[in-house]
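Following: one structure in structure tokens, then a few remarks.
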Ligand code: CTP
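Residue numbers (my numbering): 1 to 398.
In structure tokens, the structure reads:
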């Protein structure tokens, strides 16, 4: 972020206080940060706080900054390499979607053609309101990036979607605005979700994978300019746009689809939770209950990643290790045995990591033993880190 000019617009939401940390982190990462606040925002945080953190005067009024700028909204729009609005209230979204210019922030946004990142934060019902959703759709269709609010307890005493994401995640999203193109011209295969192994036409053996991590990796690889194929088992999230999506059920099907394109790709990121066993003879008809016990004979599934490790030529191979104990040891064993470039390991029993949640606490273990430990961050932010590293290794291969 060195020497990047970031303009932060703060609107009148209780989460405004969290943006002080965002400004501080961006500044520490080398950016020049300026803050604009709406009048209502100043009810929550004093402009002086942002001024001290950023080292720059804070703008609030259209006509109050004569000492700092000739024409404030144009000067601020010209200053910015990117604009972040956080927290963005429903009122701001409505005004921005319709090009209203009734304060310094909205006027500056209309005067800017730079990347715009918006982090909405509000009560769940306000967020879900069709008017708000329509305003978000309009803003997205014009190229604004919208950071999904996090879910949790809200200032109004309820719980649900609408929290401002953590500062570290907002900063990762700002960095992402500048991180395009590192994988342009590259083909990346990502697997996600859990495989489904049939018992009979009605039941199956599955696992707790939601597919969130894999979908975020695929999204991040698309953002980095790659041509992405996402091969997914059962997932609970909507696959990201602008990629080739292949839906599979069993490990056997996933293996077939992966092998079809393995020779053509630059990297494979296997985040799928592939079942290690399948039912030897799935029943063609629904199994009726009869005795007290039911015996299912399970046979070993192919280990897709291990096979890729034996076939690999120049492809970068990334695996995942979801463990409940001895995380680094077990993960390192998988890294070596499967001939991977690096492996992403996590303890799925840790709070804020593992299945179904939107955050993860991971380590990356490299061939040769180097270990990078990451703090708890959103799966989206971790996906960016993984994709950056894949781009670096591909770059090294030339
Ligand atoms: N994997 C695979 N094919 C399988 C099983 C796993 O490709 N049949 C991949 C996963 O996508 C993941 C990595 O291998 O990237 C996980 O390693 P693995 O040793 O299979 O983990 P577990 O199945 O959890 O194994 P264990 O029970 O030994 O911990």
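C-beta atoms are modelled at their ideal positions from N, C-alpha and C, and glycine is treated no differently.
Under the DSSP assignment, residue 74 falls in the alpha helix (DSSP H) whose first and last residues are 72-79.
For the 7 Å CB-CB criterion, residue 182 and residue 391 form a contact. Within 10 angstroms of the beta-carbon of residue 271 lie 16 or more other beta-carbons, which makes it buried.
Its Cα nearest to that of residue 282, the residue 196 stands out among 162, 196 and 45.
Residue 227 sits in a strand when the DSSP states are folded into three classes. Three or more Cβ pairs drawn from the region 110-123 and the region 73-81 lie within less than 8 Å of each other, which places the two stretches in contact. Distance check between residue 389 and each of 366, 234, 103 and 4 places 366 closest, using alpha-carbon atoms only. In the three-state reduction of the DSSP assignment, residue 59 falls in the strand class. The DSSP-derived three-state label of residue 309 is helix. Taking the C-beta atoms as reference points, residue 21 is found nearer than 7 Å to residue 167.
At least 7 Å separates the beta-carbon of residue 394 from that of residue 217.
Rounded to whole angstroms, residue 371 and residue 101 show a C-alpha spacing of 50 Å.
Membership of residue 153 in the beta strand (DSSP E) is indicated by the continuous run 150-153.
Ranking 207, 146 and 233 by CA distance to the CA of residue 177 puts 146 first. Looking from the CA of residue 315, the closest CA among 89, 77 and 342 belongs to 342. Looking at the backbone, the Cα of residue 246 and that of residue 323 are separated by about 27 Å.
Within its own chain, the residues whose Cβ lies closer than 8 Å to the Cβ of residue 340, once the five positions on either side in sequence are excluded, are 305, 309, 317, 318, 319, 334 and 367, listed in chain order. In this structure, 94 is the residue among 267, 14, 155 and 94 with its C-alpha nearest to the C-alpha of residue 130.
Residue side-chain check: residue 5 keeps its Cβ at 6 Å or more from all non-hydrogen atoms of the ligand CTP.
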